[in-house]
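Note that the protein sequences, when read in sequence, are chains A and B. Just so you know, we're using my numbering here: the first sequence kicks off at 7 and counts up by one. Just so you know, we're using my numbering here: the second sequence kicks off at 7 and counts up by one. Built from N, CA and C at the ideal position, the CB exists for glycine as well. The structure displayed is predicted, hence computed values, not measured ones. What follows is one structure encoded as structure tokens, with my remarks underneath.
Protein chains: 2
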Amino acid sequence: MSEVREELYQLHASVCKGFADPKRLILINALRDGERSVTELCEITQIQQANASQHLAILKSKGLVTSRREGQRVYYKVTSSKINEALDLLLAVMAEQITLPAI
Amino acid sequence: MSEVREELYQLHASVCKGFADPKRLILINALRDGERSVTELCEITQIQQANASQHLAILKSKGLVTSRREGQRVYYKVTSSKINEALDLLLAVMAEQITLPAI
DNA sequence: CTAAGACATGCGTGTCTGCGCATATCTTTA
DNA sequence: TAAAGATATGCGCAGACACGCATGTCTTAG
């Protein structure tokens, strides 16, 4: 395993870690319909403001969301629709397992 | 947020946690071309046998891989091609960020 | 039934992570 | 400039996680 490849897996895992928390998934889901300010996100998700900021910072550090300041508000949005597609695929995998095969 | 939805996010995050480790990604990748025994996986990936078993158990507990015993060997395979698709999507997201936009 | 190979599991430890709380920074309005 | 709103950051702790090592279990060969 080359050094470069090793680092790639490290990076890939790091990105996946971004999804490895329920609150972060809730936040990402709250951004499905477009960008939202932190306050809006807190209202929608019922997550504490400081905690939401921490999770958003993690998502941002992994390139999963981007932010834009407008006045005193900061608006976040999901970086790429591929992110939602990937999450949907995993939901589909989960669904396949729950759905019992026909007898 | 309903109780059910809360649990769904918890479960979804749990599945994502399956990908949140470089060695597990390496193992999943080693299973791209089909099933492999634990010994084969250890050879390919250079992961210690006990450690590989531990990671495989985690992947299995999340429904990401399945196993089948044949004699003294146990063969693992990825549960669904959707899993590789999802991982590829994330790699694409990563690639987009590294690729600099044209000036 | 005994030995050896293949795989799984339990334990101890060092590290990471999520959270609440307090507080700091930035922006607008008075 | 002071105050208030919006967001970010630092700290401490409790729980989770990865790993190495030793050992246990299952299967086939002799």
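| Per DSSP, which one or two residues make a beta bridge with residue 66 of chain A? | None, per the DSSP bridge assignment.
| field | Delimiting residues of the alpha helix (DSSP H) encompassing residue 45 of chain A | value | Taken as a continuous stretch (DSSP letters only), the alpha helix (DSSP H) holding residue 45 of chain A covers 44 to 51.
| message | List, in chain order, every chain A residue whose beta-carbon is nearer than 8 Å to that of residue 21 of chain B. | response | In chain order: 96, 99, 100.
| said: From the DSSP secondary-structure annotation, give me the bridge partner or partners of residue 71 of chain A. | reply: Answer is A/84, bridged to residue 71 of chain A.
| said: Please identify the residue among A/75, A/102, A/62 whose C-alpha is closest to the C-alpha of residue 29 of chain A. | reply: When each option's Cα is compared against that of residue 29 of chain A, the closest is A/62.
| request: Starting from residue 36 of chain A, trace the alpha helix (DSSP H) both ways and give me its first and last residue. | output: Residues 28 to 36.
| request: Check whether the stretch 82 to 101 of chain B touches the stretch 49 to 56 of chain B, counting contact only when three or more Cβ pairs, one atom from each stretch, lie closer than 8 Å. | output: No, the stretch 82 to 101 of chain B does not touch the stretch 49 to 56 of chain B.
| Between residue 96 of chain B and residue 21 of chain A, is the Cβ-Cβ spacing less than 8 Å? | Residue 21 of chain A is positioned such that its CB atom lies closer than 8 Å to that of residue 96 of chain B.
| Residues, ordered as in the chain, of the stretch 68 to 95 of chain B that lie near chain A by beta-carbon distance below 8 Å | Answer set for the stretch 68 to 95 of chain B: 69, 70, 85, 86, 88, 89, 91, 92, 93, 95.
| said: So residue 27 of chain A contacts chain B; which residues on that side make the cut at Cβ distance below 7 Å? | reply: Going along chain B in sequence order, the residues near residue 27 of chain A (Cβ under 7 Å) are 19.
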